[in-house]
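Asks: Can you read through this structure? Questions will come right after.
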Amino acid sequence: MNKTLVIHHSKYGSSKAYGEAIAKTLNATAQSFKSLKNKDLKNADTLIYVAGVYISSIRGLKKLNKKLTNTNINTYIVGVGLGPKTTETLEKLKAHNEKALAPHTNPLYYFCGDFDVKTFSFLHRVMMKMLKKMLKNKADITEDEKYLLNAIENPVKQIDTSLTSELTNHIKE
Ligand SMILES: Cc1cc2nc3c(=O)[nH]c(=O)nc-3n(C[C@H](O)[C@H](O)[C@H](O)COP(=O)(O)O)c2cc1C
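Residue numbers (our numbering): 1207 to 1379.
Laid out in structure tokens, this is it:
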């Protein structure tokens, strides 16, 4: 026992970068969610799950919950998204993922990830093109929508792995 596992579920690399930084600080093993086998969970007592936020949902969290059924692993969930690192972002993320977060008693963590449409899959590029068109034609555009529109037009580089100390310090305490 006494093993810490860091699982990253990352489409474009941001959650992977955060997950690997967390694992390095904690002398833990980092692996992708796709490679996670039930036997990997057997000896773990702490698990940190780092995943991108897609259409307000923390990617793969429901699937993770299924894998964790009947285990007693102390789990930390980390969302990585485009939105700014504010209390409002965290609260919205919590509210949107309330059901999937219910089995987890530790606080939810949130870090800012990169966003570069050029690197996106064909489907995501099409989605962003449609979103851009819609937002450009919207009369009463909100601040959140302006932020998103700006990101669609200008790549955002905002990974800051030094932020992970707020989580790793908590775990080391
Ligand atoms: C289709 C799509 C939907 C997204 N939805 C959100 C969202 O609802 N909220 C958010 O903060 N970021 C959103 N993002 C931005 C991603 O969360 C961000 O790019 C993050 O860095 C991705 O992490 P990953 O590369 O580890 O998967 C979205 C990105 C894409 C491509």
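Cβ coordinates follow ideal geometry from the N, Cα and C atoms, glycine included.
Is the segment 1256-1269 touching the segment 1298-1307 in the sense that three or more CB pairs, one from each, lie closer than 8 Å?
Replies: The segment 1298-1307 vs the segment 1256-1269: in contact.
Asks: Can you look up Leu1267 in the DSSP assignment and give me helix, strand or coil?
Replies: Here Leu1267 sits in helix by DSSP.
Asks: What three-state label does DSSP hand Asp1251 in the structure shown?
Replies: Note: Asp1251 maps to strand in three-state DSSP.
Asks: Please confirm whether Ser1220 and Gly1319 have their CB atoms less than 8 Å apart.
Replies: Contact: yes.
Asks: With a threshold of 16 other CB atoms inside 10 Å of the CB of Ala1345, please say whether the residue is buried or exposed.
Replies: Ala1345 should be labelled exposed.
Asks: Helix, strand or coil, according to DSSP, for Ile1191 in the structure here?
Replies: Because residue 1191 is not part of the residues shown, which for the chain are 1207 to 1379, the question remains open.
Asks: DSSP puts Lys1283 in a beta bridge; with which residues?
Replies: The sequence shown places Ile at residue 1283, rather than the Lys named in the question. In the DSSP output, where bridge partners are listed per residue, Ile1283 has Tyr1255.
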